[in-house]
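Reviewing the structure listed below.
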Amino acid sequence: MVVKKMIISVLFLAFVSAVAGAAITFFNDMTAPTIAINAEREEQATLRKMFPDGEFAEIGGYTECEEVLAVYEVKGQGYIVKGTAVGYNSSTPIIVLVGFDQNGVTTGMLPLQQQETSGYGSRCFETDFSVPAYTGKSSAEEVDMLSGATRTSDALRRIMEASFRVMEEVK
Amino acid sequence: MWQNFKNGFIKENPVFALFLGMCSALAISTSLNNAIGMGVCVTLVLLFSNVIISLMRKLIPDEIRIPVYIVVIASLVTIVEMLVHAYAPALYQSLGVFLSLVVVNCIILGRAEAFASKNGVAASAVDGIGMGLGYTFALILISAVREFLATGGIHFANPFNSEQILFGFSIDALKGFTIPLMSGPVGAFLTFACFAALFAMLKERAAQKEKEAQKK
Amino acid sequence: MNLLSLALAAILINNVVLTKYLGLCPFFGVSKSSKSAVGMGLAVTFVIFGASLITYFLYYVILVPNKMEYMRLITFILVIASFVQFVEMFIKKFSASLYKALGIYLPLITTNCVVLYVAQDNITQKYDLLTTCVNSLAVPIGYMLVLVLFSCMRERLDSSATPKSWKGNPIALVAAALMALAFSGLAGIV
Chain A
1405 MVVKKMIISV LFLAFVSAVA GAAITFFNDM TAPTIAINAE REEQATLRKM FPDGEFAEIG
1465 GYTECEEVLA VYEVKGQGYI VKGTAVGYNS STPIIVLVGF DQNGVTTGML PLQQQETSGY
1525 GSRCFETDFS VPAYTGKSSA EEVDMLSGAT RTSDALRRIM EASFRVMEEV K
Chain B
3 MWQNFKNGFI KENPVFALFL GMCSALAIST SLNNAIGMGV CVTLVLLFSN VIISLMRKLI
63 PDEIRIPVYI VVIASLVTIV EMLVHAYAPA LYQSLGVFLS LVVVNCIILG RAEAFASKNG
123 VAASAVDGIG MGLGYTFALI LISAVREFLA TGGIHFANPF NSEQILFGFS IDALKGFTIP
183 LMSGPVGAFL TFACFAALFA MLKERAAQKE KEAQKK
Chain C
3 MNLLSLALAA ILINNVVLTK YLGLCPFFGV SKSSKSAVGM GLAVTFVIFG ASLITYFLYY
63 VILVPNKMEY MRLITFILVI ASFVQFVEMF IKKFSASLYK ALGIYLPLIT TNCVVLYVAQ
123 DNITQKYDLL TTCVNSLAVP IGYMLVLVLF SCMRERLDSS ATPKSWKGNP IALVAAALMA
183 LAFSGLAGIV
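If you want it as structure tokens, here you go:
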């Protein structure tokens, strides 16, 4: 009796799990293509913020390091490096895009993800600081640091150093 | 049935009165957008889990009812997560891991065990919607206060197209006087505490009134 | 990030309770006395460590090779639920004193979001095995630390004069807010 009850229980649970698995698989097959298309479109849209009419292609051929997530070539216009480093907030790493023209001179920096302390570290990403500080530089030493935001600036400096190193290799 | 539905809002508000589902209520109530998105997801999961469990309530062997509930809820959450990922990517991004943590939201398992396993389909569906809306209502209250104090305005964007803002205002005079702390954990706990105290007070008042009415 | 700073960050800076708001239901339920806080903390640590390792292997040995990553959530929650049940049975059989100490907290753990969060976090952060072990120990230790500290505070709170509508959970939430404020001062040391 006990055994029979147990078998029924196990079979019932197995049946429910199978139905649930089938349902999940169905919805996965339904949504996976849309998710992939969205991700692709999203990526293109963020890259377009740096070069509004560019054609982008992800490239390799550089020494990988933890600061560099991806490198894109913008056809005929330059390059974009997607970089990351941990600043003051260790739970959310900073992720930025750094744009370069064909000579390896920066064209700008765009934050994709940052949760640095507002009013301190986050000032590094406000345009009145970030536009002059990250535009038209040809080496990491030229990039300005921001006092009062040492940890954030330092993380950004690490990203810039890695980006310039990568640029030397792919240019 | 209407009474059941209404109960979910004030007297048995799952968040403020029963202290269920607090984790997600605090974590994603940083903006009105997140609050409404999360509220809708939880309501959907709650509605379907209540209906499915109520349909199966006579079939499920008693010893394995909890694992069965968990399987049902987990697959519903996975499905909702996939749909949100596909059709509202911005919302998916901002809810992050908390969307999948709906599985362990005590409201859903609690309602399955306490209500849907004992009641008919229609009653369970109404209960699910009522509780879900009560949860959403609580999230909206917390998030409105937090977003306003932290950014000086409130915004609600179309979840399917984040560029299109459906409703929103911001007060320019408050620029420079905003409290960024409110969007962090401190603000979450404080706002929640104030609302919980307010609801406790309302409950107390209502109970007192009832008592007086009985005396007469 | 090296392992030591990862552990320190998980315990003090990115504390699951105070910055990620996880595991709050048992947090307010159990933290009324420091003795039960320690019991709950130990039980959670044990379950998280065990469940994280099991889910880690399950994910990389079974789900990934079969391209079934999308079944992650349902697999993980089932593993956690059955692991908790199994541990409860095991302890009950072999150590009555341990069961007395931890037993009543075990059923509560299935719906503790910290367990599921750690299991998922190890996967989404793409941790390797060693990092997974460190992370799944450090996170519950941070949880226990806050739970114990908080229970001491609550014992004191219970005997103080509080306005009627603030009694119980509301005033405890205010205390949690102050604690989060104090812990946020530690941000940036790692």
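Protein chains in written order, with the working numbering: chain A, 1405 to 1575; chain B, 3 to 218; chain C, 3 to 192. Cβ coordinates follow ideal geometry from the N, Cα and C atoms, glycine included.
Check this for me: beta carbons of residue i and residue j, under 7 Å apart or not?
| i | j | result |
| --- | --- | --- |
| residue 1500 of chain A | residue 1482 of chain A | no |
| residue 77 of chain B | residue 76 of chain C | yes |
| residue 27 of chain C | residue 103 of chain B | no |
| residue 81 of chain C | residue 108 of chain C | no |
| residue 162 of chain C | residue 36 of chain C | no |
| residue 187 of chain B | residue 1522 of chain A | no |
| residue 109 of chain B | residue 23 of chain B | yes |
| residue 1463 of chain A | residue 1559 of chain A | no |
| residue 1508 of chain A | residue 1571 of chain A | yes |
Name the one or two DSSP bridge partners that residue i has.
| i | result |
| --- | --- |
| residue 172 of chain B | B/155 |
| residue 1504 of chain A | A/1483, A/1510 |
| residue 1477 of chain A | A/1461, A/1483 |
| residue 80 of chain B | Answer is none; residue 80 of chain B lacks a bridge partner. |
| residue 1489 of chain A | A/1498 |
| residue 55 of chain B | Beta-bridge pairing links residue 55 of chain B to no other residue. |
| residue 1517 of chain A | A/1499 |
| residue 167 of chain B | B/159 |
| residue 1407 of chain A | None; residue 1407 of chain A has no bridge partner. |
| residue 99 of chain B | According to DSSP, which records beta bridges pairwise, residue 99 of chain B is partnered with nothing at all. |
| residue 1472 of chain A | A/1487 |
Taking buried to mean at least 16 other C-beta atoms within 10 Å of its own C-beta, is residue i buried or exposed?
| i | result |
| --- | --- |
| residue 169 of chain B | exposed |
| residue 171 of chain B | exposed |
| residue 21 of chain B | buried |
| residue 129 of chain B | buried |
| residue 1470 of chain A | exposed |
| residue 90 of chain B | buried |
| residue 95 of chain B | exposed |
| residue 22 of chain C | buried |
| residue 1402 of chain A | Outside the displayed range of chain A (1405 to 1575) lies residue 1402 of chain A, so it cannot be described from this structure. |
| residue 207 of chain B | exposed |
| residue 1431 of chain A | buried |
| residue 1435 of chain A | buried |
| residue 1457 of chain A | exposed |
| residue 1443 of chain A | exposed |
| residue 1520 of chain A | buried |
| residue 1429 of chain A | exposed |
Starting from the C-beta of residue i, find all residues in its chain whose C-beta is less than 7 Å away, skip the five residues before and the five after it, and write them out in chain order.
| i | result |
| --- | --- |
| residue 155 of chain C | 177 |
| residue 17 of chain C | 144, 148, 185 |
| residue 1539 of chain A | 1510, 1511, 1512 |
| residue 100 of chain C | 93 |
| residue 45 of chain C | 104, 107, 108, 111 |
Please list, in chain order, all residues of the same chain as residue i whose beta carbon is under 8 Å from its beta carbon, the five residues on each side excluded.
| i | result |
| --- | --- |
| residue 151 of chain C | 181 |
| residue 142 of chain B | 34, 37, 38, 41 |
| residue 11 of chain B | 132, 135, 136, 139 |
Just to confirm my understanding: we take residue i, look at its own chain, exclude 5 residues before and 5 after, and list those with CB closer than 6 Å. What are they?
| i | result |
| --- | --- |
| residue 101 of chain B | 83 |
| residue 14 of chain C | 188 |
| residue 1461 of chain A | 1477 |
| residue 1534 of chain A | 1513 |
| residue 56 of chain C | 81 |
| residue 150 of chain B | 156 |
| residue 24 of chain C | 18, 115, 116, 119 |
| residue 1467 of chain A | none |
Is any non-hydrogen atom of the ligand HEM found closer than 6 Å to the C-beta of residue i, if you look at the structure I gave you?
| i | result |
| --- | --- |
| residue 66 of chain C | In terms of ligand content, the structure shown is empty, and the ligand HEM therefore cannot be addressed. |
Name the chain E residues whose beta carbon is nearer than 7 Å to that of residue i?
| i | result |
| --- | --- |
| residue 179 of chain C | No chain E is part of this structure, whose protein chains are labelled A, B and C. |
- Is there contact between the segment 1539-1547 of chain A and the segment 1469-1484 of chain A, where contact requires at least three CB pairs shorter than 8 Å? no
- Report yes or no: do three or more beta-carbon pairs, one from the segment 54-64 of chain C and one from the segment 45-63 of chain B, lie closer than 8 Å? no
- Message: Below 8 Å, how does it come out for the segment 115-128 of chain B and the segment 125-143 of chain C: are there three or more Cβ pairs, yes or no?
- Response: no
- Give a yes or no on contact between the segment 189-202 of chain B and the segment 28-36 of chain C, applying the rule of three or more CB pairs nearer than 8 Å. no
- Message: With a threshold of 8 Å, are at least 3 pairs of Cβ atoms found where one atom belongs to the segment 1558-1568 of chain A and the other to the segment 200-217 of chain B?
- Response: no
- Message: Within 8 Å, do at least three Cβ pairs link the segment 42-50 of chain B to the segment 133-141 of chain B?
- Response: yes
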